[in-house]
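First the structure, in the form of structure tokens, and then the observations on it.
There are 2 protein chains.
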Amino acid sequence: MTDVPTNGGQPRQPRQPRQPRHAVRADAQRSVDALLTAAAEVFAASGVDAPVRQITARAGVGAGTLYRHFPQRSDLIAAVFRHEVDACADAAPALAARYDPADALARWLRRFAGFIATKRGLSAALHSGDPAYGSLPSYFQDRFIPVLGGLLDAAAAAGQIRGDADPMDLLRAVANLALPVGDENDEHAQRMVALLMDGLRYGAGAE
Amino acid sequence: MTDVPTNGGQPRQPRQPRQPRHAVRADAQRSVDALLTAAAEVFAASGVDAPVRQITARAGVGAGTLYRHFPQRSDLIAAVFRHEVDACADAAPALAARYDPADALARWLRRFAGFIATKRGLSAALHSGDPAYGSLPSYFQDRFIPVLGGLLDAAAAAGQIRGDADPMDLLRAVANLALPVGDENDEHAQRMVALLMDGLRYGAGAE
DNA sequence: TTGCTAAACGGAACATCGTTCCGTATCGTC
DNA sequence: GACGATACGGAACGATGTTCCGTTTAGCAA
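The listed protein sequences correspond, in order, to chains S and B.
Taking the numbering used here, the leading residue of the first sequence gets 1, the next gets one more, and so forth.
Taking the numbering used here, the leading residue of the second sequence gets 1, the next gets one more, and so forth.
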């Protein structure tokens with residue numbers, strides 16, 4: 001066993017989990033989708049500390065299935081987070097196509113506030129030091145800053161809002177406004193976001 | 001049951017837990033002391049989320065005893081917090097008597113940084129909305145601001161440090177520096193606190 | 001179509017945790 | 001010294017995260 005002449009350069013252990021034999025089994029894909037959907041709903045309703053069984057029950061799968069696809073709880077949380085970030089970011093083009101720039105911006109900010117409102121308990125999780133969360137903040141920024149930047153630029157170019165708004169500033173502001181604290185309903189958040197939007201409109205043309 | 005004529009003005013439920021019949025039994029006092037000491041050590045080592053059994057084992061006490069004195073977990077955490085705030089604040093007079101003002105200030109700030117360093121996970125607990133924590137922030141301020149203010153005034157009066165340092169600002173700054181994040185040891189915090197102290201000295205007499 | 005095997009599934013079982021319960025031991029008083 | 005209120009210990013309970021393993025199924029091949 002001094003040498004391993006077989007499979008030169010092709011290590012036996014699967015370095016790429018892709019192409020294990022056939023791409024991905026249909027039932028596995030269904031399970032993952034069901035889990036992501038169920039987890040998103042449960043997290044929104046009860047926070048990210050919700051019991052695992054509640055998620056598996058809603059998804060109609062066993063606990064073993066969950067842990068097969070998401071070995072750690074944090075993996076599921078991170079996956080749901082990314083999934084929702086994508087959904088929110090991907091909503092922008094449709095809005096931009098259907099509404100005029102300022103309206104599209106306002107609608108997307110509302111959408112974004114709704115996204116944030118489902119993130120109760122996540123900020124604590126983010127600071128837990130779990131490496132599974134390490135890439136989430138940058139993912140958040142990488143996806144949202146270009147999207148919001150585009151909407152802002154379009155509205156500014158149309159002369160509908162002021163031109164000096166910084167996307168990151170606005171993301172942080174809306175996130176702080178919409179993060180649920182205590183028992184206040186999200187009506188308050190929506191009003192504050194609308195106020196922010198009016199602030200942007202008010203400065204149109206100025207400077 | 002339309003009226004309750006009995007015990008006018010003296011509600012039956014014990015509003016003051018003091019003076020139940022005789023002051024407090026000696027064994028009960030021992031248990032409380034052992035629990036506070038053990039909890040402080042365990043919290044410092046493992047954070048406030050440490051298992052309850054670990055605390056009772058270290059205190060040499062049964063679980064029932066813990067819950068008799070601290071009906072909720074948050075009660076124990078709050079009690080330990082208050083206990084340590086007191087110990088830290090009470091350390092100031094001795095330091096002020098033994099060392100010259102600026103030295104006493106520096107030593108107390110180190111002491112305070114050590115206090116903060118044991119508070120991993122507490123900030124999350126404070127924001128959990130549990131009413132048992134409601135009074136902790138004001139307790140923190142009420143005890144520390146006069147203590148630090150006294151030390152600052154003495155050092156400023158002696159011309160050893162600048163005179164425009166705000167106690168609350170300094171508390172927040174040191175707390176932020178000393179709060180353990182990730183795996184860094186507290187050496188870093190002590191260096192930063194020393195730096196802050198040098199900053200105070202540097203401004204002596206200025207302005 | 002039928003057979004086969006790796007992959008995936010479900011849910012019982014295990015370990016751990018916070019909390020409760022209650023029989024027993026102890027303290028302080030009369 | 002005896003008695004009653006108080007406190008103690010730790011087993012027991014319910015909930016939860018996680019693992020294990022016998023069973024099922026998807027997808028390929030003959």
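Using N, Cα and C, we set each Cβ at its ideal position, and we do this for glycine too.
Please read all numbers here as calculations on a predicted model, not as lab measurements.
Are there 16 or more other CB atoms within 10 angstroms of the CB of residue i, so buried, or fewer, so exposed?
| i | result |
| --- | --- |
| S:P17 | Low per-residue confidence applies at S:P17: pLDDT is 39, beneath 50, and the placement is therefore not dependable, though the value from the model is reported in the following sentence. Exposed: under 16 other Cβ atoms inside 10 Å. |
| B:S135 | exposed |
| B:S31 | buried |
| S:P131 | exposed |
| B:M197 | buried |
| S:V24 | exposed |
| S:A165 | buried |
| S:L195 | exposed |
| B:A157 | exposed |
| B:A26 | exposed |
Where does residue i sit, in a helix, a strand or coil, going by DSSP?
| i | result |
| --- | --- |
| S:Q72 | coil |
| B:L179 | coil |
| S:S46 | helix |
| S:A23 | coil |
| S:Q190 | helix |
| S:R120 | coil |
| B:G159 | coil |
| B:P146 | helix |
| B:H127 | coil |
| B:D100 | coil |
| B:G64 | helix |
| S:D166 | coil |
| S:A204 | coil |
| S:A59 | helix |
| S:P137 | helix |
| S:P51 | coil |
Cα-Cα, which of the options is closest to residue i?
| i | options | result |
| --- | --- | --- |
| B:A117 | B:Y202, B:V193, B:A157 and B:D186 | B:D186 |
| B:A227 | B:M197, B:V52 and B:L151 | Limits of chain B in this structure are 1 at one end and 207 at the other, which puts residue 227 of chain B out of reach. |
| B:P51 | B:D27, B:R172, B:I77 and B:L148 | B:I77 |
| B:F210 | B:H127, B:A40 and B:R73 | Residue numbering for chain B in the displayed model covers 1 to 207; residue 210 of chain B lies beyond these limits and cannot be assessed. |
| B:G64 | B:V80, B:V48 and B:A28 | B:A28 |
| B:R58 | B:V42, B:Q72, B:R68 and B:V48 | B:V42 |
| B:Q160 | B:A102, B:V85, B:A26 and B:G60 | B:A102 |
| S:Y202 | S:A154, S:N176, S:R191 and S:G163 | S:G163 |
| S:A91 | S:D75, S:R111 and S:G121 | S:R111 |
| S:R172 | S:G129, S:S123, S:A204 and S:S128 | S:S123 |
| S:R120 | B:G129, B:A44, B:G121 and B:R68 | B:G129 |
| S:A44 | S:F81, S:R68 and S:L66 | S:F81 |
Skipping 5 residues on each side, what residues in its chain have a beta carbon closer than 7 Å to that of residue i?
| i | result |
| --- | --- |
| S:A89 | R143, F144 and V147 |
| S:L95 | A104, R107 and W108 |
| S:A79 | L36 and F70 |
| B:A154 | A96 and P101 |
| B:A34 | A59, G60 and V61 |
| B:D75 | A132 |
| S:V48 | I77, G121, L122 and A125 |
Closer than 8 Å by C-beta to residue i: which residues in its own chain qualify, once you throw out the five before and the five after it? Chain order, please.
| i | result |
| --- | --- |
| B:L209 | Lying before the first or after the last residue shown, residue 209 of chain B is absent from chain B, which here runs from 1 to 207. |
| S:Y99 | R107 |
| S:V85 | F115, Y139, F140, R143 and F144 |
| S:G149 | P167 |
| B:G62 | T56 |
| B:S46 | Q54 |
| B:R73 | V52 |
| S:H83 | L36 and A40 |
For residue i, which residues in the same chain have their Cβ closer than 6 Å to its Cβ, ignoring the five residues on either side in sequence?
| i | result |
| --- | --- |
| S:G199 | none |
| B:A113 | V174, A178, A189 and V193 |
| B:A38 | I55, R58 and A59 |
| S:R21 | Low confidence applies here, because S:R21 scores a pLDDT of 49, under 50, leaving its location unreliable and the question unanswered by this model. |
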